[in-house]
């Protein structure tokens, strides 16, 4: 095998007589090994190991070994396997319009062809020359598929070759000489006729693929069919005709073939311009027994005959059929890529063509496929012939996976039956050795193995000798022997065997009595049955739980003593390390104090400063001495009190089980020779005032260790035990794998501690805390000054874990005062922010509410974190306090809004809506606080969801109230979600203004004439209200398009107030206000505001044109002045 560095062709090698290697395109191949020992011949072998066919290229006459016979040379070819394509080549006779010079020669199963002064030959399954009849082609190529189709396997036969090479003739033939399709179907229908008509069904479908579109050849309308499905593609709407005989099928085939796309080209007078596909679906029913009843199942097979369009060149077919030729070549190129990819074992792209998508299973999937490659013998078609033969060679290398298409339920039932038979064979082998007590009562003498599940308890007769090993280990550790006088003896071959709860010494035989219990490393539990009269009662008196409890009670004290001794040894070792650190610190401080006194006696200039430093140093030395004296007493007392006790049986069983697992894992480490690097040890550590077991994993290579919980250790032990079972022989490679696994396990431990370092244990931590308190009391100082004196030295060597414990004592004193200071600081910060927010709002209650509510909405995520206990300590207090202050601020504003004096008369209804929404919101917050006291997290989560849903409604009502209360935002920027809800409220207020304005206009429109209006309301009032109402309508329409505060509060609201107040004020005042509105409208500079300005100008002009004498005192519109007589009217 070689790789060409120019064209990257893989697994193609050429041996030349010069000893060089070249690829198919004559490029040198890069090889690192030597080829001098190979025989130099002019042969390039391509796909030599493919059984369907192979291609050989000769540049000189092939040199074969003359001593090897022809039959021996042919026997070197691998026989055709059932999982590869059956590939054959058919050579058609010469045609009238082509050269008579032979381009290929057929010799047996080989086709020789010469091109470009190079000779090629291809060896395939069958080669048919022009003398081969249709019947011979059918018998050798298609007839083997008949049996597969009848048995429920998909079959396919497709013809491939250049145009005019005889594909269609081979498939369908003519009336005098039928093709392979008719001969196959005639025999198939004859065989199917033997099956009862009610037990079989057969449907036929014909379609063609023309220019990458599928057409139904049996349909009345020629329209392209749509492809549906993913992996299993199908044609939607394809006609499927039921056929019962060959005559019906042949009639349908002739009808379909008449509709096939054909044309006359320069190369072929009747060329097929499409891929024609014939599909038969055969389904038969079989009766199988499923349990107690018989059930009918379906077995289905699909039969495909494919007549592919011929590969051709535009020069040969003519430019009039160029589009058809391009579509055909694109489709065949996609087929080439699929076959080549499948032959090389790489993923295939089936969606590149409709042909490969519909016939995916036929080409490389669940089918038994045969291919007929048709070629021309003429030398003119040498290039096309060589391409066809190469494609056939690739197709022969595709591995198919044909299977019987049965009902999934039947397939599952057959698989279960086969699995059942295998399990029966295993059970028979198992029963020869072990008998389940659930089915067979134990017979004395025997050994019974107990299990947690009583159904899994087994027994084995004690005939002569029995031996057992621990779980997951092939080493025998205990043996049972039956003597001549039927006395039973047990012998331990290693450690970890217990007899009646007591350890059994290795290599010392012990005689057994009836119902003796043997435990192997807390993994396997046995009972010896020697008395025949006790066969029915032994399992009643002795269960798995009772035997294991006996083992635990007898051995727990031993394990407890070991764990306690190990705990005291660790504490003593840690005590010695701390004492050494304290002594080293004392030594350095004494040395520093002596050096200071010498320096003080030599220099008399700066004695005051040096004396102060030495005094502090002397105080620190005395404090450290006091701490050392107290630590010695407290550490000894803590070591003596470091006892370990397990009160309940479950705790004892857990510790015993953990001890057994630790021993088993350490045994695995010894087996792989890793005990000097890694180690597991059972530890009992004190946490939260309670002793809890754990396992310490030590890595001596990196000098680190870590404590893991029993659950984590069980997962680690399971992985190690699994690898131990898989490894039958421990090799160096297996040891490296075990080392890698242990290394990764150590890295996965989150809190690794350096050996001899880290935080002090609970025992030493208690001793340090007590020693610090005693030393502080003895020295009559505070904990802060005590710690300062210990850290005052510049050359302090006290370990960080010692100082950390001393610091915790100080923190306990300072923690409460620190919390108080932080809380007061948070309250002061919130009060300052609250004042700044009040000052920045210019007294507007709406803006205050918007600020407080937006702040609360941003803090809802913190409220959820508080619910989930993610915020603790001082952040918890600070957030609760901030929520409380904002809620109080909202309540104050709500009370102000509730007073009638603070709210305009027009804003009563909108302000009431705001007050109701705020009251609901504060009630929800109070509910959250009360449920927090009850620790009801589910209800609190629902309350928070409800509060978040209230914010948009509150913002909307605030926007509506702001309009009626005439409170603007000015330059204040709101968050996007708050601003959107607020603007919805403003639009609602504008809609109310527009509706009331329409009511005013409607009041004037009901009058029969303007004279009636003037009689009822007066001249000025009629002109004023009608013109102002028109201007207000224009302003409302403009505000709906462009929502601007200057338009709303400077134009719309003042005009509406003027319109409502008409009749209550004199004409001059109302006209003056209307002029002010006109000035504001001119300064808007909004798009489409010119029309509003024009309308207002006309209103001002008409109202001002009314003379002053004509103006009379206005009356309210509800009390119109009626004429007293007809003359006055």
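Numbering (UniProt numbering), first residue to last: 1 to 1129. Don't be surprised by glycine CBs; every beta carbon is placed ideally from N, CA and C.
Coil, strand or helix - residue 178 by DSSP: In the structure shown, residue 178 sits in a strand (DSSP, three-state: E or B).
Under the assumption that residue 661 contacts residue 669 (Cβ atoms under 8 angstroms), give the Cβ distance between them as a whole number of angstroms. Not confirmed; about 13 angstroms, so no contact.
Have a look at residue 448 and residue 654 and give me their C-alpha separation to the nearest angstrom. The alpha-carbon atoms of residue 448 and residue 654 are separated by roughly 25 angstroms.
Boundaries (first-last residue) of the alpha helix (DSSP H) holding residue 766: Boundaries of the alpha helix (DSSP H) around residue 766: 762-779.
Going along the chain, which residues of its own chain have a beta-carbon closer than 8 angstroms to the beta-carbon of residue 843, five neighbours each way excluded? For residue 843, the predicted structure reports a pLDDT of 42, less than 50, and the residue's modelled location is therefore unreliable. The matter cannot be settled from this model.
Could you check if residue 412 is buried or exposed, using at least 16 other CB atoms within 10 Å of its CB as the buried criterion? Counting of Cβ neighbours within 10 angstroms places residue 412 among the exposed residues, the total staying below 16.
If you draw a straight line from the C-alpha of residue 868 to the C-alpha of residue 846, how long is it? The alpha-carbon atoms of residue 868 and residue 846 are separated by roughly 33 angstroms.
Name the residue from 522, 235, 525, 515 whose alpha carbon lies nearest to the alpha carbon of residue 536. For residue 536, the closest alpha carbon among the candidates 522, 235, 525, 515 is that of 515.
Under the DSSP definition of a beta bridge, which residues are partnered with residue 1054? When beta bridges are read from the DSSP output, residue 1054 appears opposite no residue.
Identify whether residue 101 lies in helix, strand or coil by the three-state DSSP scheme. In the structure shown, residue 101 sits in coil (DSSP, three-state: anything other than H, G, I, E or B).
Just the C-alpha distance for residue 326 and residue 87, rounded to the nearest angstrom, thanks. If you draw a straight line from the Cα of residue 326 to the Cα of residue 87, it comes to about 27 angstroms.
Looking at residue 989 and residue 963, is the spacing between their C-beta atoms short of 8 angstroms? If you check the CB distance, residue 963 and residue 989 come in under 8 angstroms.
Which of helix, strand or coil does DSSP assign to residue 541? It is helical.
Tell me, please, whether the stretch 177-193 touches the stretch 210-223 by the rule of three or more beta-carbon pairs shorter than 8 angstroms. No, the stretch 177-193 does not touch the stretch 210-223.
Stretch-stretch touch, CB-based, cutoff 8 angstroms, three pairs: the stretch 1026-1045 with the stretch 1083-1094: Touching, yes, given that three or more Cβ pairs across the two stretches are closer than 8 angstroms.
My output table needs one value for residue 493: the three-state DSSP class, helix, strand or coil. Residue 493: coil per DSSP, three-state reduction.
Classify residue 533 as helix, strand or coil using the three-state DSSP reduction. Here residue 533 sits in helix by DSSP.
Mapping DSSP to helix, strand and coil, what is residue 680? When secondary structure is reduced to three states using DSSP, residue 680 falls in the strand class.
Express the C-alpha separation of residue 382 and residue 349 in angstroms, rounding to a whole number. Rounded to whole angstroms, residue 349 to residue 382 spans 30 angstroms at the Cα level.
Take residue 392 as the anchor and find which of 158, 1031, 450, 767 has the nearest alpha-carbon. Cα-wise, what sits closest to residue 392 is 158.
Buried or exposed: where does residue 336 fall if 16 or more other Cβ atoms within 10 Å of its Cβ makes it buried? The residue in question, residue 336, is buried, as its Cβ has 16 or more Cβ neighbours within 10 Å.
Do residue 575 and residue 639 have their CB atoms nearer than 8 angstroms? It is a contact, given that the beta carbons lie within the stated cut-off.
Beta carbon of residue 207, beta carbon of residue 277: below 8 angstroms? With a cutoff of 8 angstroms on beta-carbon distance, residue 207 and residue 277 are scored as near each other.
Hey, residue 231 and residue 205: beta-carbon distance below 8 angstroms or not? Not in contact: residue 231 and residue 205 (Cβ atoms no closer than 8 angstroms).
Which residue spans inside the stretch 695-737 form an unbroken alpha helix (DSSP H) run of at least 4? Look at the stretch 695-737 and you find these whole runs of alpha helix (DSSP H), each 4 residues long or longer: 710-726.
Rounded C-alpha distance that separates residue 1000 from residue 1044: Approximately 25 angstroms between the Cα atoms of the pair.
With DSSP collapsed to three states, give me the class of residue 285. In the structure shown, residue 285 sits in a strand (DSSP, three-state: E or B).
Can you give the Cα-Cα distance for residue 712 and residue 928, rounded to whole angstroms? Straight-line Cα distance between these residues: approximately 39 angstroms.
Give every residue of the same chain whose Cβ lies closer than 6 angstroms to the Cβ of residue 771, excluding the five residues on either side of it in the sequence, and list them in chain order. Excluding positions up to five away in sequence, the list reads 627, 630, 631, 634.
First through last residue of the beta strand (DSSP E) which encompasses residue 949: Unbroken run through residue 949 is the alpha helix (DSSP H), 937-965; no beta strand (DSSP E).
According to DSSP, what are the bridge partners of residue 371? When DSSP reads this structure, residue 371 sits in a beta bridge with 87, 158.
Tell me whether the beta-carbon of residue 89 lies closer than 8 angstroms to the beta-carbon of residue 395. Remark: C-beta atoms of residue 89 and residue 395 do not approach each other more closely than 8 angstroms.
Does the Cβ of residue 967 have 16 or more other Cβ atoms within 10 Å, making it buried, or fewer, making it exposed? Under a 10 Å Cβ-count criterion, residue 967 is classified as buried, with 16 or more other Cβ atoms of the shown protein chains found around its own Cβ.
Contacting residues, own chain, Cβ-Cβ under 6 angstroms from residue 443 (five flanking each side not counted): In the same chain as residue 443, and ignoring 5 residues on each side of it, no C-beta atom comes closer than 6 angstroms to its own.
If you check the beta carbons only, do residue 186 and residue 378 fall under 8 angstroms apart? No, the pair does not count as a contact, with Cβ atoms beyond the cut-off.
Specify whether the stretch 279-287 and the stretch 184-204 touch according to this definition: at least 3 beta carbon pairs, one from each stretch, less than 8 angstroms apart. The stretch 279-287 vs the stretch 184-204: in contact.
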